[in-house]
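Numbering-wise (the UniProt record's numbering), the sequence shown opens with residue 1 and increments by one.
Built from N, CA and C at the ideal position, the CB exists for glycine as well.
Input: a single structure, listed below in structure tokens.
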Amino acid sequence: MHNQAHLDILYKLKKEVEKSNHTSFIHTINQIIKKVYLEHYTMTFVGHFSAGKSTVINRLIGQDILPSSPVPTTSNTALLTISDEEGITANIEGQKYTNLNSYDEVKQMNRENYNVESIDIRFKSHQFQKGFTFQDTPGVDSNVQTHSASTESFLYTSNMVFYTVDYNHVQSALNFQFMKRLNHAHIPVVFIINQIDKHQDSEISFETFKKRVEDSIKEWNIQLEATFYITKFSHKENQFEALKAFIHKQDKERESINDYVDRMVHFITQHQSNYLDQKMNEILAQLNIEARVFDDAYASFLQNQAVHEESKLLSNTTALKTDLTKKRKHIIDNAYVMTHEMREHIRQYLESLAKDFKVSGWFNKSRKLEETQQTRLNLLMTALQSKVTQEIAKPMREDMAYLTRFIHDQELNALILNQKFEIPTELVSNLYQTQIQISNQYVLTFSENLMKHIRQYILKASETLDARIVNAIEITDETTETAENTSDARYFEQYIQLRDLKTSLNTKNYQHYYIHLDDSLDKLIDRTLITYEPKPFTNVDSVEKVHQGYNTNQVESNRDKIETALHLLQDIPLFQSTKNNINQTLKRIDRQLIKIGVFGTFSAGKSSLINALLGDSYLVSSPNPTTAATTEITYGSQNSITFKSPSTLLAEINDVSEVAGYSFQSIEDFLKSDTSKLKLKIDKNRLAFIHAIEQNYDLYLQLTKDSLSMAIPKEDIKKWSAEDQFATFVSTVQLQLPIEWLKDKIIVDSLGLHSNNQRHTNETEKILTTSDLIIYVSYFNHSFTDNDKAFIQHMKDMNQLMEHQAFKMVVNATDLAESDEDYHAVMTYVQNALNEVGMTPELFGVSSRNALKDGDKGINKLKSRIDQFAQVESKEVLTSQMKHQLDYMCDALKTMVHDEEDNHTKVAEQHTHLKLLRTPHVFDSHLLITTQQQAKNEISDQLYHLRERLNIQLLDEIKSVFNGQMTNTDDFKQEKTIASKRYLDQIHQRLYLEQTLIVERLKRCFANHFEHQLIPTLKALQERHVLLQPKLSFDLKQLETPYLKIDLEPFVQALPKLFSKKRLLQAQGQKEIHESIKVLTLQLLDTPLKDLHQALDECLQVLINQGNALLKNLESEAQNEIDRVLSYRIDNNLIDTIKHILPTLENTLEIEDTHE
């Protein structure tokens, strides 16, 4: 076995770590031991999923070994090692592994729900030396939660890390944060920007792109070994060969095993020492003492513990009585009464009783025998009484002396302290059985029996005293309190154990222990070989859902039938209000514009998708999410922008600045301040916003002097929408294009999601709630990330509230698929992910780039479906409403003809009922009171359930921010502020989304109950030929103010005092910190929740006012219709007219469903 001395140290360290139950760290140590045992030299590739890491590794080794996939795989880290023998090993959760025949079996294991932690692939190569290992980690941003944890656990086996990103996601803050952490861990880092073939000089020069990358690296103060720009395609800026040469150099100039092990021993020792300190500090915190007084505190505790045990016993009379008896038995059973001397006394006494015992002399032998027997009995009893007193009575006095502290009866205390047991003589004499002579065995047997009888006698004699003791005990509250503090015992014991481990670690005493070092790697890292047999697997191809389209011709035919029906009814002097309503609806359909909201994460390809739909590059997206603006595209020729208000700009300045401890009362105050320190502390991707305010605020004031809106020429669109120094000030870009396709549409290019900007969240919600059609865009190489999932889940909740709102899912940039298999893999992955959140929208794979070059089938299909929605589906609801109204009029006319011909009295009755219905008014105003109360209950219920949800869901947000990653910093205090800012930004987005949902639910609840209250009266009117179709449209705008908001400064100040770097690294400590932060968050939300309740009450009042207005209009319409019915006299001419048109009307109204 090579490297035995190094392995011996590492293995002993591992065993030492195991003693502290630091289980999460054992896996890391096992990987280090495995690396040293196998003599691996490891280059680790880390980065976004689908950044092309696997493809890069395949190209570097010159073999297609790793499967590359545009979706995150369910297996984790893969290690490719140069070896003399080829093979594949799958390492499975629970320290198990199995040898496989091919990588297909890895995929099969994933399908069978094996938790594959890592894969070892051994292959032959002449390009690298034996043991050279490429480590391919899963994406740090996939929505498979175990992936980031897997990446973390394998980092410390790295000799160097190659952080790899694709061209479109270089500027993500995640990249720089991760590389900064690697710097803190002293792991050498190389930055690789892959897929630079995506670069287009028409958008930005490559030199400018590189400068932006270099500026970001400098701003984040990242220390890099090198930076490489690469692609697998031919490109003048491609540095792949330079990267390959760099890696070959690392292979030739490997870090020695000795240096690596020294580095790892130092790392393990330091990490474990920190862990032990953390655990010990937690215990000291629990005990509320300092380390310097621990030993004194422990000695005091032991004394108190004894008191506690006494108190616990004394408080339970049954237990006390049992314990007294038990202790007496224990003392008696352990008393050394039958010594050799005592047995000799017994022997002499017994011999005097034996038949063959003779006394000297000739006279009075009987009397002399009795005297001898009595003398020997007296000697025995004296010796026995002395032993009983010393060995039994005295220990009992000492053992029970503590009881006198709890007894106020002095006489009883004296009895306890002076216990004595007078052993009756007959107890001894009665045991004797006649013997001819006394043998040694009989002496032993007699002694044992005597001891048994003494035991019984003493226990019996003690019963009265014990009963008095039990009844006389008095326990005070103070005594009970002392008894409750015994839980500290385990803390003292744990601290002593941890302190001993820390001493062993610091003195390296563990290195002197003898531990057998097995030659087997399995034994060294505690893993077990298992046999894997693949199960039969049937590959089911994903079937793309076929949309059941609409027959446009049929819809046009339905429109004709409605107009024909209206023409037939125009001479009938009834239902005038309803006929007017239908005519207005037809005009509304003709003028209808549908609003299309396009959503997606930053850089998902929203703007490029819209460009593809419009047929040219009209939109230019901002490279910075902080300065981005919403773009609205409509038909026309006038372009304009709407500036942010000064208050909005100030709010954004303070939002950016508060993490650094700055707050400004006005923008002028900000401009006068020295912001140099501020710029060093804020997120680097927000610097552009700060610079823009400083440079162009005067221009902003000049341009907004008269109005916040301004017309702009076409050539300035890019300037105001994509250039930071100008886009910073813009809220919305209104773009008008003379494109026929846009005539019935408004397209809104929303702000990128999850930019941690409250204005963005608010704007996004407005677009979401007002859109008729929602298109969600996900990027092919980053399809359906956690952010996508979170927003779509929220959108699903909103979609259930917004009737007739359609949703289409788009995967953009499908031209990146290297094969049909890649394409189908991504589409299936997205479809399955949508199914998991309960959504089944139409899914489109498109290539915006191809669409603008040579055309794209996916774009054509999407455009066609948008047209169908605009021209057909969006109008279907109104068409159905009109048909329902016409159907009722037709039925009412048939009833009138029947009543006139066969039942004249019924007509009169109808009129009488109508007169009763209208007096004093048709609609009871009390229905609004009932609706109001139900809506109030809904508000209370919604806020209650919101708090309950937060109580469960906040922990996920807390865990994602307040974790061990925070400890990789030299300024933990500042890191706590930064983490708090990130956490509050995240929950503020969630809370605003919740607020929006509650407003929508309130509106829906009010509308439903209001309609429900109207139904009985509307039905009664319809039965009497008064047809009313109320338009119950309630307009409730979203609350502009995000009420559920927590200020950063009070939150940071209220963080738990035990929130330390060391405590955060310990599992139990981290759990307690998370729980404390959750409780703190809920406490700080109490007042905002009350404010939101008040705001919702005001919203309810708006709905009540609208309800009153609707009720007033409905009342007026009902009275007018009743007047018409009552005033019009049905004569034979009218009946003949109705009978004439009815067959044609009935035939016309056979309107078919618009679905084919």
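Exercise for the section: Taking all protein chains shown into account, decide if LEU1103 is buried (16 or more other Cβ within 10 angstroms of its Cβ) or exposed. Expected result: buried
Handout entry: Member of VAL961, SER429, GLN974, LYS976 whose CA lies at the smallest distance from the CA of TYR983
Key = VAL961
Practice task
Determine the extent of the alpha helix (DSSP H) in which GLU715 is found, giving its start and end residues.
Solution key: Note, GLU715: premise wrong, no alpha helix (DSSP H); not H, not E.
Problem - Under the three-state DSSP convention, the category GLY845 falls into - result: strand
Exercise for the section: On the DSSP bridge assignment, give the partners of ASN812 in chain order. Expected result: TYR779
Handout entry: LYS696 versus THR732, ALA711, GLU668, residue with shortest Cα-Cα distance
Key = For the sequence presented, residue 696 should be read as Asn rather than Lys. Closest by alpha carbon: GLU668.
Problem - Pairwise C-alpha distance: GLU426 and ARG343 - result: 18 Å
Exercise for the section: Pull up the distance between the alpha-carbon of HIS453 and that of LEU444, whole angstroms please. Expected result: 14 Å
Exercise for the section: Assign PHE689 to one of two classes, buried (16 or more other C-beta atoms within 10 Å of its C-beta) or exposed (fewer than that). Expected result: buried
Practice task
Output the boundary residues of the beta strand (DSSP E) element that contains ARG949.
Solution key: Element bounds for ARG949: not the beta strand (DSSP E) but the alpha helix (DSSP H), 926-961.
Handout entry: GLY615 versus VAL846 - alpha carbon distance
Key = 14 Å
Problem - Under 8 Å between C-beta atoms of ILE332 and PHE406 - result: no
Handout entry: CB-CB length for ILE596 against ILE775, believed under 8 Å
Key = 6 Å
Handout entry: Meets three-Cβ-pair contact criterion under 8 Å: the region 1123-1131 and the region 568-583
Key = yes
Handout entry: Span of the alpha helix (DSSP H), counted from its first residue to its last, around LEU501
Key = 488-506
Problem - CB contact flag (THR98, TYR532, <8 Å) - result: yes
Handout entry: Neighbourhood of MET179 by C-beta distance below 6 Å, restricted to the same chain and skipping five residues each side
Key = TYR163, VAL189, ILE222
Handout entry: Three-state secondary structure (DSSP) of VAL443
Key = helix
Practice task
Compute the distance between the beta-carbons of GLN95 and ASP518, then report whether it is under 8 Å.
Solution key: no
Problem - Element boundaries [alpha helix (DSSP H), containing ASN281] - result: 257-287
Exercise for the section: Let me know the secondary structure DSSP gives ALA817 once reduced to three states. Expected result: coil
Exercise for the section: Out of ILE192, MET896, VAL830, ASN183, state which residue places its alpha-carbon closest to the alpha-carbon of GLN171. Expected result: ILE192
Handout entry: Alpha carbon of ASP296 to alpha carbon of HIS345, nearest angstrom
Key = 51 Å
Handout entry: Proximity of ILE33 and LYS53 at Cβ, strictly below 8 Å
Key = no
Practice task
Using beta-carbon positions only, say whether HIS824 and LEU955 come within less than 8 Å of one another.
Solution key: no
Problem - ILE26 versus PHE729 - alpha carbon distance - result: 52 Å
Problem - Straight-line Cα distance separating ILE416 from MET400 - result: 7 Å
Handout entry: Contacting residues, own chain, Cβ-Cβ under 6 Å from ASP409 (five flanking each side not counted)
Key = ALA472
Practice task
Output the distance between the C-alpha atoms of GLU637 and PRO738, rounded to the nearest integer angstrom.
Solution key: One point to set straight first is that residue 637 is Ser, not Glu, in the sequence displayed. So the two alpha carbons sit approximately 6 Å from each other.
Exercise for the section: Answer yes or no: do GLU938 and THR769 have a C-beta to C-beta separation smaller than 8 Å? Expected result: no
Practice task
Take ASN860 and list the residues in its own chain whose beta-carbon comes closer than 6 Å to its own, dropping the five residues that flank it on each side.
Solution key: none
Problem - Assigned exposure category for THR1013 - 16 Cβ within 10 Å defines buried - result: According to the sequence shown, residue 1013 is Gln rather than Thr. The residue in question, GLN1013, is buried, as its Cβ has 16 or more Cβ neighbours within 10 Å.
Problem - LYS12, DSSP secondary structure in three states - result: helix
Practice task
Starting from the Cα of PHE791, find the closest Cα among GLU994, ASP1131, GLU975 and give me that residue.
Solution key: GLU994
Handout entry: N- and C-terminal bounds of the alpha helix (DSSP H) containing GLY1107
Key = 1086-1127
Exercise for the section: Using beta-carbon positions only, say whether LYS198 and ASN168 come within less than 8 Å of one another. Expected result: yes
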